[in-house]
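Peer 1: Residue numbers (this note's numbering), protein chains in the order written: chain A, 41 to 128; chain B, 16 to 417.
Quick one: this structure, given as structure tokens, is what I'll be asking you about.
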Amino acid sequence: MSETIQARVLRVIATTQRIPLEKVKPDSTFEELGIDSMDSINILFDLESEFDIEIKDEDAKKIQTIREMIDGVTYLVDSKQNPQPASE
Amino acid sequence: MGVISALGHDQESFWQALASGQSGIGPIPHDIGPVTEMGMNQVRFKNGAAVLGYSAETYFPRKTLNFMDRFAQFAVIAAREAVAQAGIEWTEELRENAAIITGSCMGGRFTEEIGYWELFHHGRHRVHPLTIPLGMSNAGVSHISMEFGLHGPAYTISTACSSSAHAIGNALWMVRSGAAPLAIAGGSEAPLFLGGLKAWEAMRVVSPDTCRPFSANRSGMILGEGAAMIVIEPLERALARGATPLAEIVGFGMSADACHVTQPSAEGAARAIRGALRDGGLVPEQVGYINAHGTATEANDRMEAAAIHAVFGSHAEALPVSSTKSMHGHTLGAAGAIEAVATLLALRNKVLPPTANFTELDPECELDVIPNEARAAEVEVALSQSFAFGGLNAVLAFRAWP
């Protein structure tokens, strides 16, 4: 568990997009990295495998930046590790 | 013409549903295929446009069925209806030269999946010996040729969601050039099997509820299955034998976007529309109805609206456009043919089918989309548009027969 979630997300993006890891920064825009809508769906698919999570279509549609990918994955990994008891 | 779809097993039921704006979209039956039965609960979406109440045994002898995937069965059923309506009398010469051109995107993968399920999941060491002849995309056209004993040109075109529009367009050009005295053309698709559903799910383009083309709150496409076929012959020949033409098929245009494998281009679509008008010797103002590709994905609908405005200019404001996919779903390789039949029926019945499930117009799609209710209208020329993944576009133009 030496690699942080952020580092893993950046690595997945670099591998999926076939670009050097150094180029992928948390604040890079999709435009800078040449990520279009289909690329984004590919990346989300690989993130689902990497973290064993499921990203809903409605959430997937909203993601516009690398930062949102990191935050979203962090949220899903947290909820998986600390499942919330059913409310009420 | 002949059609089998989620709206019924023949032309009559198809038109009844279209004219009343009735959608065939609903839960995909769990038992639609042996593998689907095991896996439907692991698919994120539940709805599709399936052919319900279908029993293959009512259409085919058991022995024949061993050799036919669901998509090939649909192809033959639609061809039978089309040939019967056209009242073709098969002569030796006609059998020798008539052409058949079909479109299919996925072919017989419904059957293939059963074999692969055995192989990958059950750890069997062999698949069914008929997996190849059942799975091949040309199985539909081959079974039509055997059904009617036709020995002329017969082939299949696979250009994703434009497949059967390309097939009908090619058939038009063959008949027009004299290469064939008559053609049966259309397409069929049976994409509601587990692997296929999962593949569409992964693209994140399938709606969790229903298909709302051009609506601001659209949520994606709905997959459908079925087939449609039409019979094309020279006008003089049809009139000489005392047949009543359903309509004239007057133009075909095609183009390639050459830019992105899934992101469509309005410029490419517009070139195909212009091509169909040019081929038919038509001016834009003659067009009174467009049956849109209208998949209810944001990418398609906005691109398509832009293409229509680019070609028709101010005429676009007075040009009714509807997507009947809102009722029969997106039938992929059969879509061009099913929608061509919808267009032909609209011209013949002088009623334009609506865009069903419509709520509120997407401001990026400024079109008259015939919301929810069919409209009586006498139209001279109507277009049917198909824009496929891979950027391959095909547009057909039909003129009403008085």
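Glycine included, every Cβ here is placed at the ideal spot set by N, Cα and C.
1) With 16 as the cutoff for other CB atoms within 10 Å, does Q88 of chain B come out buried or exposed?
2) Output, in chain order, the set of chain A residues within a Cβ distance shorter than 7 Å of R219 of chain B.
3) Closest Cβ-Cβ distance between F70 of chain A and chain B: below 9 Å?
4) With 9 Å set as the bound, which would you pick, yes or no: does the beta-carbon of M109 of chain A sit closer than that to a beta-carbon of chain B?
5) Can we say the segment 110 to 123 of chain B touches the segment 178 to 195 of chain B, given the rule of at least three CB pairs closer than 8 Å?
6) Using C-beta distances below 6 Å, list every residue in its chain close to P335 of chain B, excluding the 5 sequence neighbours before and after it, in chain order.
7) Where does Q37 of chain B sit, in a helix, a strand or coil, going by DSSP?
8) Going along chain A in order, which residues have a C-beta closer than 9 Å to the C-beta of Q278 of chain B?
9) Determine the closest residue to L411 of chain B out of B:L134, B:F267, B:E52 and B:L80, with distance taken between C-alpha atoms.
10) Grouping DSSP H, G and I as helix and E and B as strand, with all else coil, what is D118 of chain A?
11) Measure the C-alpha to C-alpha separation of L359 of chain B and A54 of chain A and round it to an integer number of angstroms.
12) Cα-Cα, which of B:D316, B:F82, B:T117 and B:A214 is closest to L376 of chain B?
13) Looking at I115 of chain B and the ligand ZN, is the gap between the Cβ and the nearest heavy atom below 8 Å?
14) From the beta carbon of A403 of chain B, is the nearest beta carbon of chain A less than 9 Å away?
15) Does the distance from the C-beta atom of S119 of chain B to that of T51 of chain B stay below 9 Å?
16) Name, in chain order, the residues that DSSP records as bridge partners for F267 of chain B.
17) Give the DSSP-derived three-state secondary structure of E128 of chain A in the structure shown.
18) Quick one: is L84 of chain A near chain B, going by C-beta distance under 9 Å?
19) Relative to the alpha-carbon of F402 of chain B, which residue among B:G211, B:P369, B:A392 and B:A322 has its alpha-carbon at the smallest distance?
20) Is the Cβ-Cβ distance between M16 of chain B and E96 of chain B less than 9 Å?
21) Give a yes or no on whether the C-beta atoms belonging to I183 of chain B and G351 of chain B are separated by under 9 Å.
22) Report all residues from its chain with a CB closer than 7 Å to the CB of E381 of chain B; omit the five preceding and five following residues, and keep chain order.
23) Does any C-beta atom of chain A lie closer than 9 Å to the C-beta of H324 of chain B?
24) What is the DSSP secondary structure of M236 of chain B, reduced to helix, strand or coil?
25) So is H166 of chain B buried or exposed if we call it buried at 16+ other beta carbons inside 10 Å?
26) Strictly under 9 Å for the Cβ-Cβ distance: is G235 of chain B near chain A by that measure?
27) Under 9 Å, Cβ to Cβ, is there at least one residue of chain A near R59 of chain B?
28) I want to see whether chain A comes within less than 9 Å of H275 of chain B, judged by CB atoms only; does it?
29) Are the C-beta atoms of E128 of chain A and some chain B residue less than 9 Å apart?
30) Please tell me whether A271 of chain B has its Cβ less than 9 Å away from any Cβ of chain A.
31) Please tell me whether T312 of chain B and R233 of chain B are closer than 9 Å, where the distance is taken between their beta carbons.
Peer 2: Based on what the coordinates show:
1) Residue numbering aside, residue 88 of chain B sits at position 73 when the second sequence is read from its first letter. Burial call: buried.
2) Within the second sequence, residue 219 of chain B is the residue found at index 204, counting from 1. Residues of chain A passing the Cβ test: I81, D97 and A100.
3) Indexing the first sequence from 1 puts residue 70 of chain A at position 30. No - not a single Cβ of chain B is within 9 Å of the one on F70 of chain A.
4) By 1-based counting over the first sequence, the position of residue 109 of chain A is 69. Closer than 9 Å: no.
5) Output reads yes: the segment 178 to 195 of chain B touches the segment 110 to 123 of chain B.
6) The residue labelled residue 335 of chain B in the question sits at position 320 within the second sequence. Result list for P335 of chain B: Y304, L367, D383 and I385, in chain order.
7) If you number the second sequence from 1, residue 37 of chain B lands on position 22. It is coil, neither helix nor strand.
8) Within the second sequence, numbered from 1, the residue matching residue 278 of chain B stands at position 263. What Q278 of chain B touches in chain A: D76, S77 and M78.
9) The residue labelled residue 411 of chain B in the question sits at position 396 within the second sequence. For L411 of chain B, the nearest C-alpha among the options comes from B:F267.
10) Here residue 118 of chain A is taken as the residue at index 78 of the first sequence, counted from 1. In the three-state DSSP reduction, D118 of chain A falls in the helix class (H, G or I).
11) Sequence index remark: in the second sequence, residue 359 of chain B carries index 344 (1-based). Sequence index remark: in the first sequence, residue 54 of chain A carries index 14 (1-based). Approximately 50 Å, taken between the alpha carbons.
12) The residue given as residue 376 of chain B occupies position 361 in the second sequence. Of B:D316, B:F82, B:T117 and B:A214, the residue nearest in Cα terms is B:D316.
13) What this structure holds is no ligand at all, so the ligand ZN is not there to describe.
14) The residue given as residue 403 of chain B occupies position 388 in the second sequence. Contacts with chain A at 9 Å (Cβ-Cβ) do not include A403 of chain B.
15) Taking the second sequence and counting its residues from 1, one reaches residue 119 of chain B at position 104. Taking the second sequence and counting its residues from 1, one reaches residue 51 of chain B at position 36. No, the pair does not count as a contact, with Cβ atoms beyond the cut-off.
16) Locating residue 267 of chain B in the second sequence gives position 252, counting from the first residue. Partner(s): B:L411.
17) In the first sequence, the residue the question calls residue 128 of chain A occupies position 88. Its pLDDT being 47, under 50, E128 of chain A is placed unreliably in this model, and the value from its coordinates should be taken loosely. When secondary structure is reduced to three states using DSSP, E128 of chain A falls in the coil class, being assigned neither helix nor strand.
18) Within the first sequence, the letter at position 44 stands for residue 84 of chain A. Taking Cβ atoms only, chain B reaches closer than 9 Å to L84 of chain A, which makes this a yes.
19) Numbered from its first residue, the second sequence carries residue 402 of chain B at position 387. For F402 of chain B, the nearest C-alpha among the options comes from B:A322.
20) Here residue 16 of chain B refers to the residue found at position 1 of the second sequence. Here residue 96 of chain B refers to the residue found at position 81 of the second sequence. Cβ atoms of M16 of chain B and E96 of chain B: closer than 9 Å.
21) By one-based count along the second sequence, residue 183 of chain B stands at place 168. By one-based count along the second sequence, residue 351 of chain B stands at place 336. One thing to note: I183 of chain B has its Cβ within 9 Å of the Cβ of G351 of chain B.
22) As a working mapping, residue 381 of chain B is identified with position 366 in the second sequence. Result list for E381 of chain B: A320, in chain order.
23) The sequence position of residue 324 of chain B within the second sequence is 309, counting from 1. At a cut-off of 9 Å between beta-carbon atoms, H324 of chain B makes no contact with chain A.
24) Counting from one through the second sequence, the residue named residue 236 of chain B turns up at place 221. M236 of chain B: strand per DSSP, three-state reduction.
25) In the second sequence, the residue the question calls residue 166 of chain B occupies position 151. Of the residues assessed, H166 of chain B falls on the exposed side of the cut-off, its CB having fewer than 16 other CB atoms within 10 angstroms.
26) Here residue 235 of chain B refers to the residue found at position 220 when the second sequence is read from its first residue. So, interface residue.
27) Walking along the second sequence from the start, residue 59 of chain B turns up at place 44. Closer than 9 Å: yes.
28) For the purposes of this step, residue 275 of chain B is taken as the residue at position 260 of the second sequence. Chain A contact via Cβ: present.
29) Position 88 of the first sequence, counted from the first residue, corresponds to residue 128 of chain A. Any reading at E128 of chain A must be qualified, since the residue scores a pLDDT of 47, below 50, and its modelled position is unreliable; no value is offered.
30) Counting from 1 along the second sequence, the entry for residue 271 of chain B is found at position 256. No, its Cβ sits nowhere closer than 9 Å to a Cβ of chain A.
31) The residue you call residue 312 of chain B lines up with position 297 of the second sequence. The residue you call residue 233 of chain B lines up with position 218 of the second sequence. Taking 9 Å as the Cβ cut-off, T312 of chain B and R233 of chain B qualify as a contacting pair.
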